[in-house]
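Counting along the sequence shown from 1, when you hit position 142 you're at 607 in the numbering used here, and nothing is skipped either side.
First comes the structure, then the notes that go with it.
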Amino acid sequence: MAHLRVPYESLDPLTIGSADDESKVYREELELEIADQNLLAAIYPEEPQPVADPTETAREALANPVSGPSFRELIDGGKSVAIVIDNQFRPTPTSRLLPALFDLLEDAGVTDACMITGNGKVFPLSEADIEKKVGRENLDRMERLGITLHQNEPRNEDAYTYLGVTSRGTPVWVHSEVTKRDVIISIGHAQANHWGYGGGGKLIMPGVCSDETIECNHCNFTMSPQTHYGALAGPMRSDIDEVATIAGLDYTLNVLLDTRGRVLEIVGGPHPQAHRLAIEKFNGIYAYENPVADKGQADIAICGVFAPTDHLFFHTGWGCMSSDFVLKDGGTIIYASPSPGVHTELGDFP
Numbered sequence: 466m467a468h469l470r471v472p473y474e475s476l477d478p479l480t481i482g483s484a485d486d487e488s489k490v491y492r493e494e495l496e497l498e499i500a501d502q503n504l505l506a507a508i509y510p511e512e513p514q515p516v517a518d519p520t521e522t523a524r525e526a527l528a529n530p531v532s533g534p535s536f537r538e539l540i541d542g543g544k545s546v547a548i549v550i551d552n553q554f555r556p557t558p559t560s561r562l563l564p565a566l567f568d569l570l571e572d573a574g575v576t577d578a579c580m581i582t583g584n585g586k587v588f589p590l591s592e593a594d595i596e597k598k599v600g601r602e603n604l605d606r607m608e609r610l611g612i613t614l615h616q617n618e619p620r621n622e623d624a625y626t627y628l629g630v631t632s633r634g635t636p637v638w639v640h641s642e643v644t645k646r647d648v649i650i651s652i653g654h655a656q657a658n659h660w661g662y663g664g665g666g667k668l669i670m671p672g673v674c675s676d677e678t679i680e681c682n683h684c685n686f687t688m689s690p691q692t693h694y695g696a697l698a699g700p701m702r703s704d705i706d707e708v709a710t711i712a713g714l715d716y717t718l719n720v721l722l723d724t725r726g727r728v729l730e731i732v733g734g735p736h737p738q739a740h741r742l743a744i745e746k747f748n749g750i751y752a753y754e755n756p757v758a759d760k761g762q763a764d765i766a767i768c769g770v771f772a773p774t775d776h777l778f779f780h781t782g783w784g785c786m787s788s789d790f791v792l793k794d795g796g797t798i799i800y801a802s803p804s805p806g807v808h809t810e811l812g813d814f815p
């Protein structure tokens with residue numbers, strides 16, 4: 466008889482900015498017994514140790530890109546800078562990374578900089594969300610340095626600048642606070658999701674794009690058979706990266722997190738090269754070969770999702786969607802999650 470552990474965890478969506486704070490996380494395990502002859506495989510990630518100091522790791526990623534000039538070299542000569550961060554439902558420990566970036570801005574004498582939350586069509590961050598995401602000390606420092614703070618507002622047509630059309634026909638409207646700056650840097654969490662991978666260019670699209678750009682990309686490519694969990698070259702992700710290229714995304718900090726929300730590594734450098742390398746590293750830890758390829762597909766897959774991914778039922782699919790690859794047609798996914806509700810716009814369900 467095999468004894469299995471299925472993670473049964475959750476995190477209040479309002480505390481996602483503190484995802485690496487264990488006091489904020491509900492953690493349990495479901496213990497199962499399955500007859501040996503009925504178990505094809507049990508898959509758990511083998512994670513490396515987290516970094517000791519995320520701020521210093523960010524500093525190294527800014528100074529040592531995967532290719533091309535360092536971030537400090539990019540902003541020399543009085544350049545203006547736009548910093549794009551991810552939204553309140555991403556566990557990127559942004560507040561712990563920003564000091565390294567602000568040090569460079571101050572050292573270079575940057576006088577024109579802004580920060581914008583790449584919340585796409587997700588509702589804006591509240592003051593409490595912003596304080597958790599950015600951090601009180603960083604907000605105070607932004608005020609001293611004159612760094613303005615903005616949020617994406619996709620239905621406000623006047624807030625965007627038109628930059629052209631992608632090769633797949635997506636009109637590119639990017640927030641003007643981003644387009645009017647000389648250098649654009651994004652800070653985000655690189656991981657697999659329903660439609661390929663997060664991070665990198667996704668901070669630009671859908672992050673800081675208009676409703677028209679977001680809807681065109683999502684409606685045209687979501688249902689493509691090439692758009693699926695772990696697809697990097699599919700039409701949806703390729704279109705996203707093209708939008709980011711047209712927008713002029715210069716530098717990306719791609720953060721790899723473990724199942725406790727702790728930083729494993731930060732890959733910095735130009736778009737899209739740094740994101741590609743981050744995904745390779747992510748796959749090296751979390752991707753797996755089909756364990757049932759030589760045994761026939763499974764009738765049942767049992768899946769649990771670790772917090773902080775498991776903070777809304779809608780987002781928990783990022784983990785359980787990979788179960789589909791090992792199932793027979795018509796197979797069953799048993800999915801364990803204590804997460805609240807389905808989506809922020811649909812309310813809670815008992």
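By construction, the Cβ of each residue, glycine as well, lies at the ideal position given by its N, Cα and C atoms.
All values derive from a computational prediction rather than experimental measurement.
- Contact check, A709 vs T644, beta carbons under 8 Å: Your numbering for residue 709 matches position 244 in the sequence shown. Your numbering for residue 644 matches position 179 in the sequence shown. No, these two residues do not count as a Cβ contact at 8 Å.
- Query: Under 8 Å between the Cβ atoms of D706 and N682?
  - Reply: Here residue 706 refers to the residue found at position 241 when the sequence shown is read from its first residue. Here residue 682 refers to the residue found at position 217 when the sequence shown is read from its first residue. No, they are not a contact pair.
- Contact set for S532: own chain, Cβ-Cβ below 7 Å, skip 5 residues either direction: Counting from 1 along the sequence shown, the entry for residue 532 is found at position 67. Excluding positions up to five away in sequence, the list reads G734, P735 and Q738.
- Query: Exposed or buried, F814, counting other C-beta atoms within 10 Å across all chains shown (16 or more means buried)?
  - Reply: In the sequence shown, counting from the first residue as 1, residue 814 sits at position 349. A caution first: F814 carries a pLDDT of 49, below 50, which makes its placement in the model unreliable, though a value can still be read off. Residue environment: F814 is assigned as exposed (fewer than 16 neighbouring CB atoms within 10 Å of its CB, all protein chains considered).
- Message: Suppose you measure from the CA of D789 to the CA of I798; what does that come to, to the nearest Å?
- Response: As a working mapping, residue 789 is identified with position 324 in the sequence shown. As a working mapping, residue 798 is identified with position 333 in the sequence shown. Near 8 Å, if we compare the C-alpha coordinates of I798 and D789.
- Query: If you check the beta carbons only, do V575 and I540 fall under 8 Å apart?
  - Reply: For the purposes of this step, residue 575 is taken as the residue at position 110 of the sequence shown. For the purposes of this step, residue 540 is taken as the residue at position 75 of the sequence shown. In contact: V575 and I540 (Cβ atoms closer than 8 Å).
- Taking only the alpha-carbon atoms, compute the straight-line gap between E538 and A506 and give it to the nearest angstrom. As a first step, residue 538 is located in the sequence shown; it is residue number 73 there, counting from the start. As a first step, residue 506 is located in the sequence shown; it is residue number 41 there, counting from the start. C-alpha separation (whole angstroms): 49 Å.
- Query: Residues bridged to R470 by DSSP?
  - Reply: For the purposes of this step, residue 470 is identified with residue 5 of the sequence shown, where counting begins at 1. Beta-bridge partners assigned by DSSP to R470: E496.
- Leaving out five residues before and five after K544 in sequence, what residues of the same chain have Cβ atoms less than 6 Å from its Cβ? Walking along the sequence shown from the start, residue 544 turns up at place 79. Residues D647 and V648 of the same chain have their beta carbon placed closer than 6 Å to that of K544, with the five preceding and five following residues left out of the count.
- Message: Mapping the DSSP letters down to three states, classify K793 as helix, strand or coil.
- Response: As a working note, residue 793 is residue 328 in the sequence shown. If DSSP states are grouped into helix, strand and coil, K793 belongs with the strands.
- Helix or strand or just coil, what does DSSP make of D594? Your numbering for residue 594 matches position 129 in the sequence shown. Three-state DSSP puts D594 in a helix.
- Once you ignore the five residues that flank R555 on each side, which residues in its own chain have a CB closer than 8 Å to its CB? The sequence position of residue 555 within the sequence shown is 90, counting from 1. I481, G653, H654 and G663, listed in sequence order.
- Query: Is D501 near Q553, with beta carbons less than 8 Å apart?
  - Reply: In the sequence shown, the residue the question calls residue 501 occupies position 36. In the sequence shown, the residue the question calls residue 553 occupies position 88. No, they are not a contact pair.
- Message: I'd like the span of the alpha helix (DSSP H) that includes Q738, first residue to last.
- Response: To locate residue 738, count along the sequence shown from 1; it is residue 273. Q738 to Y751 is the span of the alpha helix (DSSP H), which, as asked, contains Q738.
- Message: For a test of the three-state rule: what should DSSP assign to S787, helix, strand or coil?
- Response: Along the sequence shown, read from residue 1 onward, the residue named residue 787 stands at position 322. The answer is helix: DSSP assigns S787 an H, G or I state.
- Cα-Cα, which of P510, I499 and P558 is closest to D518? On the sequence shown, residue 518 is found 53 positions in, with the first residue counted as 1. The residue with the shortest Cα to Cα distance from D518 is P558.
- Tell me which same chain residues have a C-beta within less than 7 Å of the C-beta of L562, skipping the five on either side of it? For the purposes of this step, residue 562 is taken as residue 97 along the sequence shown, with counting starting at 1. Result list for L562: P519, T520, A523, I652 and L718, in chain order.
- Query: How long is the line joining the alpha carbons of N621 and L668, rounded to whole angstroms?
  - Reply: As a working mapping, residue 621 is identified with position 156 in the sequence shown. As a working mapping, residue 668 is identified with position 203 in the sequence shown. Distance between the alpha carbons of N621 and L668 is about 19 Å.
- Whole-angstrom distance between A565 and Y694, CA atom to CA atom: In the sequence shown, counting from the first residue as 1, residue 694 sits at position 229. In the sequence shown, counting from the first residue as 1, residue 565 sits at position 100. Rounded to the nearest angstrom, the gap between the Cα atoms of Y694 and A565 is 33 Å.
- Task: Note down the Cα distance separating A743 from T635, rounded to an integer number of angstroms.
- Result: Locating residue 743 in the sequence shown gives position 278, where the first residue counts as 1. Locating residue 635 in the sequence shown gives position 170, where the first residue counts as 1. In a straight line, the C-alpha of A743 is about 26 Å away from that of T635.
- Pairing CB atoms from the region 568-584 with CB atoms from the region 607-616, are three or more of them under 8 Å? Touching, yes.
- Message: Give me the DSSP bridge partner(s) of N658.
- Response: Residue numbering aside, residue 658 sits at position 193 when the sequence shown is read from its first letter. Beta-bridge pairing links N658 to G661.
- Message: Does D541 come out as helix, strand or coil in the three-state DSSP assignment?
- Response: Your numbering for residue 541 matches position 76 in the sequence shown. Coil, per DSSP.
- Is the CB-CB distance between L714 and L721 below 8 Å? Taking the sequence shown and counting its residues from 1, the one referred to as residue 714 is at position 249. Taking the sequence shown and counting its residues from 1, the one referred to as residue 721 is at position 256. No. Outside cutoff.
- Identify every run of the alpha helix (DSSP H) within the region 683-731, keeping only runs that are complete inside it and at least 4 residues long; order them along the chain. For the region 683-731, whole alpha helix (DSSP H) runs of length 4 or above, ordered along the chain, are 700-712.
- Going by the beta-carbon positions, is the gap between A657 and S641 smaller than 8 Å? The sequence position of residue 657 within the sequence shown is 192, counting from 1. The sequence position of residue 641 within the sequence shown is 176, counting from 1. Contact flag unset, no.
- Task: May I have the straight-line CA-CA distance separating E525 from I550, to the nearest angstrom?
- Result: Counting from one through the sequence shown, the residue named residue 525 turns up at place 60. Counting from one through the sequence shown, the residue named residue 550 turns up at place 85. Cα to Cα, the separation comes out at about 19 Å.
- Query: Nearest to I750 by CA position, among L497, L504 and Q514, is which residue?
  - Reply: Counting from 1 along the sequence shown, the entry for residue 750 is found at position 285. Sorting L497, L504 and Q514 by C-alpha distance to the C-alpha of I750 places Q514 at the top.
- Would you mind reading off the limits of the beta strand (DSSP E) that contains A763? Walking along the sequence shown from the start, residue 763 turns up at place 298. Taken as a continuous stretch (DSSP letters only), the beta strand (DSSP E) holding A763 covers A763 to G769.
- Task: In the DSSP assignment, find the unbroken beta strand (DSSP E) run with V549 in it and report its ends.
- Result: Start at 1 with the first residue of the sequence shown, and residue 549 comes out as number 84. Where V549 is concerned, the enclosing beta strand (DSSP E) stretches over V546 to I550.
- Query: With respect to 7 Å, is the separation between the Cβ of M466 and the closest non-hydrogen atom of the ligand HEM below this value?
  - Reply: As far as ligands go, the structure on display features none, and thus does not contain the ligand HEM.
- Message: Is the beta carbon of R470 closer than 8 Å to that of E496?
- Response: Locating residue 496 in the sequence shown gives position 31, where the first residue counts as 1. Locating residue 470 in the sequence shown gives position 5, where the first residue counts as 1. Yes, they are a contact pair.
- Message: From the DSSP secondary-structure annotation, give me the bridge partner or partners of Q616.
- Response: To locate residue 616, count along the sequence shown from 1; it is residue 151. Per DSSP, the beta bridge partners of Q616 are T582.
- Does DSSP put A507 in a helix, a strand or coil? In the sequence shown, counting from the first residue as 1, residue 507 sits at position 42. The DSSP-derived three-state label of A507 is coil.
- Does the Cβ of T631 have 16 or more other Cβ atoms within 10 Å, making it buried, or fewer, making it exposed? Within the sequence shown, the letter at position 166 stands for residue 631. By the 10 Å Cβ count, T631 comes out buried.
- Beta-carbon separation (whole angstroms), A467 vs L504, contact threshold 8 Å: On the sequence shown, position 2 is the one that residue 467 refers to. On the sequence shown, position 39 is the one that residue 504 refers to. Contact holds; Cβ gap of about 5 Å.
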